[in-house]
Each structure stands twice: as C-alpha cells, then as structure tokens.
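As you go down the protein sequences, you meet chains A and F in turn.
Counting along the first sequence from 1, when you hit position 75 you're at 97 in this note's numbering, and nothing is skipped either side.
Counting along the second sequence from 1, when you hit position 101 you're at 123 in this note's numbering, and nothing is skipped either side.
Heads up, the beta-carbon is just placed ideally off N, CA and C, and yes, glycines get one too.
Notes follow once the structure below has been shown.
Number of protein chains: 2
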Amino acid sequence: MSQQRHGSTPGEAGGVPAFPDLPEATIARLPEYLRALHHLAETGAETVSSEGLAAAAGVNSAKLRKDLSHLGSYGTRGVGYDVSLLVAQIEYILGLDENRAVCLVGVGNLGHALAGYAGFASRGFRVVALFDTDPKKVGEQINGLTVRHLDDLERIAAEESIAIGVIATPPGTAQTVADALVAAGVTSILNFAPGVLSVPSNVDVRKVDLAIELQILSFHEHRKASLTALPGGRAAAASPDKQPEDQEAVGS
Amino acid sequence: MSQQRHGSTPGEAGGVPAFPDLPEATIARLPEYLRALHHLAETGAETVSSEGLAAAAGVNSAKLRKDLSHLGSYGTRGVGYDVSLLVAQIEYILGLDENRAVCLVGVGNLGHALAGYAGFASRGFRVVALFDTDPKKVGEQINGLTVRHLDDLERIAAEESIAIGVIATPPGTAQTVADALVAAGVTSILNFAPGVLSVPSNVDVRKVDLAIELQILSFHEHRKASLTALPGGRAAAASPDKQPEDQEAVGS
DNA sequence: CGCGATTTGTGCACGCCTTCACAAGCGCCT
DNA sequence: AGGCGCTTGTGAAGGCGTGCACAAATCGCG
Chain A
23 MSQQRHGSTP
33 GEAGGVPAFP
43 DLPEATIARL
53 PEYLRALHHL
63 AETGAETVSS
73 EGLAAAAGVN
83 SAKLRKDLSH
93 LGSYGTRGVG
103 YDVSLLVAQI
113 EYILGLDENR
123 AVCLVGVGNL
133 GHALAGYAGF
143 ASRGFRVVAL
153 FDTDPKKVGE
163 QINGLTVRHL
173 DDLERIAAEE
183 SIAIGVIATP
193 PGTAQTVADA
203 LVAAGVTSIL
213 NFAPGVLSVP
223 SNVDVRKVDL
233 AIELQILSFH
243 EHRKASLTAL
253 PGGRAAAASP
263 DKQPEDQEAV
273 GS
Chain F
23 MSQQRHGSTP
33 GEAGGVPAFP
43 DLPEATIARL
53 PEYLRALHHL
63 AETGAETVSS
73 EGLAAAAGVN
83 SAKLRKDLSH
93 LGSYGTRGVG
103 YDVSLLVAQI
113 EYILGLDENR
123 AVCLVGVGNL
133 GHALAGYAGF
143 ASRGFRVVAL
153 FDTDPKKVGE
163 QINGLTVRHL
173 DDLERIAAEE
183 SIAIGVIATP
193 PGTAQTVADA
203 LVAAGVTSIL
213 NFAPGVLSVP
223 SNVDVRKVDL
233 AIELQILSFH
243 EHRKASLTAL
253 PGGRAAAASP
263 DKQPEDQEAV
273 GS
C-alpha cells in the first residue's frame, strides 16, 4: 500500500539501458528470485530452468517467466537461464550494486537487533549510522557503530550519502523521525512503527508491522477453528485458498 | 464503551453467517483499521465516519467502506461507525479476544528483540515460550521467560495450547524448526528466516524478510535516480508526480 | 543437416481488487 | 411533519495480476 504510481518515462538516454517499468508485484518477487539464485550459484549450478528456479523461490513457473521477461530476454530456450547473468541483471535492476548506505533511527529493543542483523550486510546494504534521542543511548557502541543524536542526522546523512532510513522507534515518535529523515534528504523509509506516516510524494515508505502479521495469522486460526467446530456439514471442506507450495524447499 | 444494543453479537448472527469469508486483501487491512480505531477510542471519539477512519488508516474511504461491509452492517448512515462496536467486531473476526499464545524459536539477535517486543502483548498476543537449540542459550532468562530446548516444544506447545509459532533462526535451520512446529501441532507460522518453507496445506505461513523490504526500496531509489539523471527539466517543472493520493493522514 | 526434445516468451482469458458514482437511509432542523 | 444534508452500502466499470496453453527458438544427436 505504500506504493505509488509511476508514469512511464520515455526519456531514453544512450549509455544506460532504459529503465523498464516493472509491475509492482514483480518487483516484490525479484529479491526472492535473487536469493534463490545465490543459493543455486553456491551449489555450482550454471544454468537453471524456470521450473527449477520457480520451485526454489516458491512461485509458479509461468509467473516467474513472465516476471523475468519484463527485464528482457536473459534466458535461452531449450536451456534455461544463466545463473550468474541473471544474478547480475537482477542486482542491477534492484540497485544493489551500489552497496547502499542505510541509517537506523531508534536503538531500542528492535532497533538494537536490526543494527546487528547480518541479513542486511550480506544482501547489499551497509548500516552506516545509528540515531536516537535518548541521552542514555547516545554514545553507546553497537556493533562497531556509535549511536548519535538525531540532531546530527542531517549532517551525517549528507556525509554518507544516505538515501534509505529505517525507523524503529515507538509509534509516538515515528512521524517526527520521518520528518527529520525527509529533511535530511532521505527518500526511502522502512518503518517498523505501527501507524501511518505522512511524507512527501517523492518519498517511498514501506511498512512492516510485526503485530499485524500475527493478527492475520490469528484470523486464519480463528477461521480454521470455526470450521472444525461446525456441527453440521461443511467442516471438511476447509482450506479454500491455501498455498499449494509443497515442493522441495531449499534443501539441506 | 457500552455496546449492547446490537442483538447479534459476535459469535452468532442471524442474517450473516458467523464467519463471512473475507477477501484476503480485506483481512490484511483489518488490523490497520483496528489500530486506528483504538487510537480514536483513546481520544474519546464515539463514532467515526468512513472518511475519518480511512484517513487514520491511510486508505481510500470507498475501500474502507467495502471492507467493513463484508463484516456486516455496523455503520449508521448519516452518522458513521460506532467506534467501540467496530473494535469489538474486528477483534472478534481476527480472533483477538482469545489472547493467543505464541511461541518463538531462535533466540538470536532478532529473536531476542521479538521476545521483548511490547507490540505483541499490547495487541492480543502472549509470548509464552522461547526455544533454541544452542546449549549456551537454553536456560537463559529473557523477559521473564526461560529459554527451553527445542526438544521440549511438543510437550510445552500442548500444555500451553500454542497454535502460532515464530521462527527467528538462521536460514539453514528454518525448515527443521518448521517441521518441529508442525509436529507439535502449530498451525500458523510467522517466518523471519529468508527462504521458502515447506509445510502441510493446513498450516498457514507468513514470511517477513527484512532484507527484501530494503531491496524493494533500493529498486525505487535506483529508479528515482535514473529519472532525475534524465536530460530536460521536466522532472521538476512539469512535475509528472504521482497523484496527490491521501497525504495528510494522521490528524495530529 | 535435419529432427526431436526441451524450454523460453507471450497472447489470452479469468478472477480479484480497486475506484467511482449514486441511491438508500438516518438524524436534525425548521 | 417534512425537507435537507450527511454518510453508508453497493452496483458497475476498469485495472492489475495470475495461470494456461502454445508457438518460437535453441541444443544435441544421429
């Protein structure tokens, strides 16, 4: 929902390949393909079929082919996709070849964990700065980084060319932090605080609300329970739209 | 706070089946509505219009009305929705009135933070058990809970009626943990480990991959950068910027 | 050199979701 | 009592995404 509509821009320069405007749903799956491809690359595979990659990524093979076709023709009929070529292409599209600098605001329980999350570093991101407003936390060393006061954000963001900010504060201060990030030139925000952020239209926001995920699961629990508890009839006809993903996951 | 006039309380309804099968997209938004409603209730509002609630939840008002209409008719034309009634109804639908027990597997960096995440407790969930396989972690006290060995999962899950499990382990062990959870009778899994899980069709899985969120933001950064690099000042002047959408949401 | 096996890329149909636009319903004011 | 303004609930239209099914393309082999 934090998505915005982007008009296709015909403006084609010469050097760099034009930027295909991919469906939002496709973009959201590319990282998953990328992870699966890296895994395949480690096992020594040089090529992979759409069927194989789709299984590793947990999606339908037709969907995967359509997704990849939006990037251009990087497969060979009768053979499959060149793993390393596809990795490079997806990483380019996602802008991961720039090893993006990320800052994190709010070094509480969750922020602390995020600051040390290995998954960020291993997938193209560098957490280069931590911020908080609590005097007791400012100055603290976390994972080799010193926690700075939020007031220093603008200066440091400029020095480090930070374009992505992560908000891990309590809900009450999230909007204030978002404003500060925007003022500092940050144009992409990952928000872990519950609530709606108001930002200029040129800033992208993605929200992760951990409790919401549990609540959605809770709904399904409730639904399942009410079905099995039904006295007459349609109890057995459960699971109308389940995920049919029953295939090999990443083994090991 | 006093909502008793509605004879068909949750649980049993005459006109509408006790459990309407809601569109998946609607379900995903209900928690957001619920949060906004709680916020409104704290400010003392007794009723709210679809316009007002939609703004607070960051969605289109027509969408909100359609979503709520799926639950039944809980609004009054010309007036709006009764806040406390709607809260009760959504909480019932989401199954939050049962204060669900949740267990968490993997007490690493992230798991540690999740174990102490206040947002869970305040929104209808109790983290009742922590598990790990690392002998150095088993026995540790976190947030008033003792970390148990994964081998004890089946027994404790039964004792505590745990239906929801959270996986916060490294990717390599996620599938093993998922299998253990399923064996212990858990039917809903929230997975923070990258990768695809394979589970029986009666088990629901939701995945949260923090790195993927950043990668999606990175894509938009890349796209924005390639646009501003375009020749011609149209980008700033003619401003083909997105639809105004509904900024200015959370009325401060 | 041609043939068959294999796999990609895609046209098409279908279903879900979103959005608009408006009639129906409700309360308040005169 | 009646009218008026406000708000919900919903029919209809359009857009987006998914999955099927197949033609086109490529490789290996005889």
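Examine chain A for any beta-carbon lying closer than 8 Å to the beta-carbon of F/L212, and answer yes or no.
-> Taking 8 Å as the threshold, the shortest C-beta distance from F/L212 to chain A falls below it.
State yes or no: is the beta carbon of F/N121 nearer than 8 Å to at least one beta carbon in chain A?
-> With 8 Å as the cut-off, F/N121 does not count as an interface residue toward chain A.
Which same chain residues, not among the five before or five after F/V101, have their C-beta less than 7 Å away from its C-beta?
-> Excluding positions up to five away in sequence, the list reads T69.
Taking 8 Å as the threshold, find out whether the region 147-164 of chain F comes into contact with the region 123-139 of chain F through three or more Cβ pairs.
-> A contact exists between the region 147-164 of chain F and the region 123-139 of chain F.
Should the region 74-92 of chain A be regarded as contacting the region 47-55 of chain A, the criterion being three or more beta carbon pairs within less than 8 Å?
-> As far as the Cβ criterion goes, the region 74-92 of chain A touches the region 47-55 of chain A, which means the pair count is three or higher.
Within 10 angstroms of the Cβ of A/D43, are there 16 or more other Cβ atoms? Answer buried if so, exposed if not.
-> So A/D43 ends up on the exposed side.
Please confirm whether A/T132 and F/Y139 have their CB atoms less than 8 Å apart.
-> For the record, residue 132 of chain A in the displayed sequence is Leu; it is not Thr. A distance below 8 Å separates the beta carbons of A/L132 and F/Y139.
Nearest candidate by alpha-carbon position, reference F/D46, set A/L249, A/N224, A/T250, A/Q237 | Just to set this straight, residue 46 of chain F is Glu in the shown sequence, not Asp. Taking F/E46 as reference, the option from A/L249, A/N224, A/T250, A/Q237 with the minimal CA-CA separation is A/Q237.
Does F/G29 get closer than 8 Å to chain A when you measure Cβ to Cβ?
-> With a pLDDT of only 37 at F/G29, under 50, the local geometry of the prediction cannot be trusted, and the value read off the model is given with reservation. Not one chain A Cβ lies under 8 Å of F/G29.
Given A/A143, which residues of its chain have a CB within under 8 Å of its CB, disregarding the five upstream and five downstream residues?
-> Here the set comprises V149.
Proximity to F/A77 [Cα-Cα], best of A/R170, A/S240, A/L219 = Distances from the CA of F/A77 to each of A/R170, A/S240, A/L219 were compared; the closest alpha carbon is that of A/L219.
Which chain A residues are close to F/F142, counting only those with a beta carbon under 8 Å from its beta carbon?
-> Those within 8 Å of F/F142 in chain A are L232, A233, L236.
On the three-state DSSP scale, how would you describe A/V204?
-> Under the three-state reduction of DSSP output, A/V204 falls in the helix class.
Who are the neighbours of F/G74 on chain A, taking C-beta pairs under 9 Å?
-> Result: empty, since nearest Cβ-Cβ is about 13 Å, beyond 9 Å.
Short CB-CB distance (under 8 Å) between F/R57 and chain A | Yes, because at least one Cβ of chain A sits closer than 8 Å to the Cβ of F/R57.
Quick one: which chain A residues come within Cβ less than 8 Å of F/V228?
-> Going by the sequence as given, residue 228 of chain F is Arg instead of Val. Within 8 Å of the CB of F/R228, the CB atoms of chain A belong to E235, I238, L239, in sequence order along the chain.
If you check the beta carbons only, do F/A190 and F/L136 fall under 8 Å apart?
-> Contact: yes.
DSSP state of F/D231, grouped into three classes?
-> In this structure, F/D231 counts as coil in the three-state DSSP scheme.
Going by the beta-carbon positions, is the gap between A/L239 and F/D226 smaller than 8 Å?
-> For the 8 Å CB-CB criterion, A/L239 and F/D226 form a contact.
At a Cβ threshold of 8 Å, is F/H242 touching chain A?
-> With 8 Å as the cut-off, F/H242 counts as an interface residue toward chain A.
Which first and last residues belong to the beta strand (DSSP E) in which F/G166 is found?
-> Note, F/G166: premise wrong, no beta strand (DSSP E); not H, not E.
With DSSP as the reference, please indicate the residues paired to A/S210 in a beta bridge.
-> Note: A/S210 sits in a beta bridge opposite A/I186, A/D226.
Per DSSP, F/T98 is paired with what?
-> As DSSP reads the structure, F/T98 sits in a beta bridge with F/G102.
Any 3 or more C-beta pairs closer than 8 Å across the region 157-165 of chain F and the region 239-248 of chain F | Judged by Cβ distances under 8 Å, the region 157-165 of chain F makes no contact with the region 239-248 of chain F, as fewer than three pairs qualify.
Would DSSP call A/V221 helix, strand or coil?
-> A/V221 falls in the coil class under three-state DSSP.
DSSP three-state assignment for A/L132, whether helix, strand or coil | Assigned with DSSP and collapsed to three states, A/L132 falls in helix.
Quick one: what's got a C-beta closer than 8 Å to A/S183's C-beta in the same chain, skipping five residues either side?
-> Excluding five sequence positions before and after A/S183, the CB atoms of its chain that fall closer than 8 Å to its own CB belong to A123, given in chain order.
Please say whether F/F41 and A/S72 have beta carbons closer to each other than 8 Å?
-> F/F41 sits away from A/S72, with the two beta carbons spaced by 8 Å or more.
Between which two residues does the alpha helix (DSSP H) harbouring F/A79 extend?
-> For F/A79, the enclosing alpha helix (DSSP H) stretches over residues 72-79.
Taking 8 Å as the CB-CB limit, is F/V105 close to chain A?
-> No, no contact with chain A.
Find the nearest neighbour of F/T195 within the set F/G80, F/L172, F/I186, judged by alpha-carbon distance.
-> Comparing Cα-Cα distances from F/T195 to each of F/G80, F/L172, F/I186, the minimum goes to F/L172.
Would the beta-carbon of A/V129 fall within 8 Å of that of A/K158?
-> Cβ distance not < 8 Å, so A/V129 and A/K158 don't count as in contact.
Sorted by chain position, which residues of the same chain lie with C-beta nearer than 6 Å to F/T209's C-beta, five sequence neighbours on each side aside?
-> Hits under 6 Å: A185, V225.
Alpha carbon to alpha carbon, how far is A/R245 from F/G146? Give it in angstroms, no decimals.
-> For F/G146 and A/R245, the distance between alpha carbons rounds to 17 Å.
F/L126 (DSSP reduced to helix, strand or coil) = Strand at F/L126.
What are the partner residues of F/L152, as DSSP defines its beta bridges?
-> Beta-bridge analysis with DSSP links F/L152 to F/L126, F/V169.
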